[in-house]
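Peer 1:
Pasting the structure below:
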């Protein structure tokens with residue numbers, strides 16, 4: 001039985017509530033996020049964290065309010081000592097660059113809480129296939145099973161009705 005627990009980090013809620021972009025790629029990602037949220041979210045147990053709430057609170061007041069309204073519907077994971085330790089280890093082992101410290105913390109929160117997926121549009125540091133083996137090795141050496149990092153395009157449950 002797959003682990004259907006999903007951690008959403010800040011890019012997901014930002015794309016979900018953003019004004020439509022003029023950039024066609026970003027617009028497609030925004031639409032994919034809305035489609036996943038509207039059509040597939042209920043098939044997963046979706047979580048967020050204190051860190052996402054803090055990041056989503058920044059910026060334009062109206063936009064922040066809309067992001068926080070979405071996040072208020074989700075269970076919030078705390079930044080535990082285990083998550084702090086794993087994030088520090090990920091940074092020390094260069095699984096994440098220092099400039100991506102918050103990404104290491106997002107990942108560590110999802111990993112130490114046993115979530116199966118980390119949903120993101122951050123393909124530079126999180127959903128990055130070249131970095132994945134390093135990140136996973138550090139986690140497993142620490143005794144933690146890493147979540148699969150993916151975008152909404154990739155996290156589509158099997159549709160048995162259309163098989």
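Residue numbers (my numbering): 1 to 163. Cβ atoms here follow ideal geometry from the backbone N, Cα and C, with glycine treated the same way.
Please go through the stretch 4-35 and give each complete beta strand (DSSP E) segment of 3 or more residues, from N-terminal end onward.
Peer 2: Counting only runs of 3 or more, we get 5-8.
Peer 1: Helix, strand or coil: which one does DSSP assign to residue 45?
Peer 2: As a working note, residue 45 is residue 45 in the chain shown. Strand.
Peer 1: Shortest alpha-carbon distance to residue 92 belongs to which of 19, 6 and 138?
Peer 2: Stepping through the chain shown from its first residue, residue 92 is reached at position 92. Measuring from the Cα of residue 92, the nearest candidate turns out to be 138.
Peer 1: For residue 72, count neighbouring C-beta atoms within 10 Å of its own C-beta (all shown protein chains included) and say buried if the count is 16 or more, exposed if not.
Peer 2: By 1-based counting over the chain shown, the position of residue 72 is 72. Exposed, since its Cβ has fewer than 16 Cβ neighbours within 10 Å.
Peer 1: What residues match up with residue 119 in a beta bridge as DSSP calls it?
Peer 2: On the chain shown, residue 119 is found 119 positions in, with the first residue counted as 1. The partner list for residue 119 (beta bridge, DSSP) reads 8 and 150.
Peer 1: Would the beta-carbon of residue 117 fall within 8 Å of that of residue 147?
Peer 2: Sequence index remark: in the chain shown, residue 117 carries index 117 (1-based). Sequence index remark: in the chain shown, residue 147 carries index 147 (1-based). Yes. Within cutoff.
Peer 1: Are residue 33 and residue 12 close, meaning C-beta to C-beta below 8 Å?
Peer 2: Against the chain shown, residue 33 aligns to sequence position 33. Against the chain shown, residue 12 aligns to sequence position 12. Yes, they are a contact pair.
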